[in-house]
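Residue numbers for the sequence shown follow this note's numbering, beginning at 39 and rising by one.
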Amino acid sequence: MVQQIRPGEPQYICVIPVESITGNQEEEIMTFGVSADQAKHQAEELLANNYGCKRLPKGQWQSQSQVVELIQQAICEPIGQWCSANSHQE
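Written out as structure tokens, the structure is:
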């Protein structure tokens, strides 16, 4: 059975390794969005909420270089490929 992506539902996944914050080489965060940009924005918010990377007024980050570095390492891709018949055959 193949799942179909619904309009308005998350269509992108963003995966960011957070080893530089946690020291755990295998730790990463994953966020979802209807666009790659929204998935990255969700990742920024998750970094702020869970790892203390604070957002300042005017959209700046307290540890801007750390957030920028992590976002540059992000891998954002469509999740539709995870739902295709070719990748999951029974």
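Backbone N, C-alpha and C define an ideal beta-carbon position, used for all residues, glycine too.
L108 and V53: beta carbons closer than 9 Å? As a first step, residue 108 must be located in the sequence shown, where it is residue number 70. As a first step, residue 53 must be located in the sequence shown, where it is residue number 15. Cβ distance not < 9 Å, so L108 and V53 don't count as in contact.
Within this structure, are the beta carbons of A81 and I67 separated by less than 9 Å? In the sequence shown, residue 81 corresponds to position 43, counting from 1. In the sequence shown, residue 67 corresponds to position 29, counting from 1. Contact: yes.
Would you mind reading off the limits of the alpha helix (DSSP H) that contains I67? Translated into the one-based positions of the sequence shown, residue 67 becomes position 29. Note, I67: premise wrong, no alpha helix (DSSP H); beta strand (DSSP E) at E66 to G71.
Backbone secondary structure at V53 - three-state DSSP: Locating residue 53 in the sequence shown gives position 15, where the first residue counts as 1. Of the three classes helix, strand and coil, the one that applies to V53 here is strand, per DSSP.
Just to confirm my understanding: we take Y89, look at its own chain, exclude 5 residues before and 5 after, and list those with CB closer than 6 Å. What are they? Position 51 of the sequence shown, counted from the start, is the residue given in the question as residue 89. Result list for Y89: I59, in chain order.
Looking only at its chain, what residues have a beta carbon closer than 7 Å to the beta carbon of G46, apart from the 5 residues adjacent to it on each side? Residue numbering aside, residue 46 sits at position 8 when the sequence shown is read from its first letter. Taken in chain order, the residues that qualify are V72.
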